[in-house]
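Add 55 to a position in the sequence shown, counting from 1, and you land on the number used in my numbering. Yeah, the Cβ is synthetic: ideal placement off N, Cα and C, and Gly gets one too. Below is one structure, written out as structure tokens, with a few remarks after it.
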Amino acid sequence: MDNITTVRLYTFKVGVELEAYSIETKTEQETIVLGNRLSQLLKPGNVITLEGDLGAGKTTFTKGIAQGLGITDVISSPTFTIIKEYQGVLPLYHMDAYRLEFSEEDLGFDEYFAGEGVSVVEWATFIEDFLPEERLDVKIKYQDESSRIIQFTPHGPYFKWVMVELSHTHF
Ligand SMILES: Nc1ncnc2c1ncn2[C@@H]1O[C@H](COP(=O)(O)OP(=O)(O)O)[C@@H](O)[C@H]1O
Ligand SMILES: [Mg+2]
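Following this line, the structure appears as structure tokens:
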């Protein structure tokens, strides 16, 4: 990790199975490309969680997912609405749980998570109890003004496959 500026891709290995995979994006556009690539691998009922500080790039990554799903609407952070729905090749349910930190409120998450669309959840730890076991956790870490480390942690066989596919991304 100390050599992150010289090592573009690095992995964490447990046995022969990768437990997580990290990739560096050097521009906002690369983060969008990565989200776009991920969207090509998704199917109905898939859940992606996004963690990272304010300004890390969660919404930017979601823009890439939306773009890949053929959604032309402008994607903005749904902080005040909590859930925004977009129609694309698959519906996209874009959620931001930031305002639910001290709330037990269930906004019908199960129906979204098991629905026809793809759910992307920013600040997902605030609704941890509602999250399905099978999901892809994505952590975005700020490196400097234009560089981010994006780490994928898959839960379940489908997302392990997705992670391996994502590891072949070239910008
Ligand atoms: N490599 C990068 N990936 C994503 N965003 C980046 C990158 N470099 C710079 N940025 C900038 O960081 C900001 C990320 O904002 P946003 O996606 O709204 O963050 P969040 O939703 O995590 O609060 C944007 O202004 C974007 O242009
Ligand atoms: Mg955001």
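Boundaries of the alpha helix (DSSP H) harbouring Y213: 212 to 221, taken from the DSSP string. CA-CA distance, I204 to A169, rounds to 29 angstroms. Annotation for R190: the continuous beta strand (DSSP E) segment containing it runs 190 to 199. Contact between the segment 149 to 161 and the segment 117 to 134 is present, with at least three C-beta pairs closer than 8 angstroms.
With a contact defined as Cβ atoms closer than 8 angstroms, L105 and E177 qualify at about 5 angstroms. Here the distance from the Cβ of T115 to the nearest heavy atom of ligand 1 is below 6 angstroms. L109 sits exposed, since fewer than 16 C-beta atoms from the chains shown fall within 10 Å of its C-beta. Inclusion of T134 and G112 in the CB contact set at 7 angstroms is not warranted, their separation being larger than that value. Under the DSSP assignment, L147 falls in the beta strand (DSSP E) whose first and last residues are 147 to 151. According to the DSSP assignment, S94 belongs to the alpha helix (DSSP H) that extends over 83 to 94.
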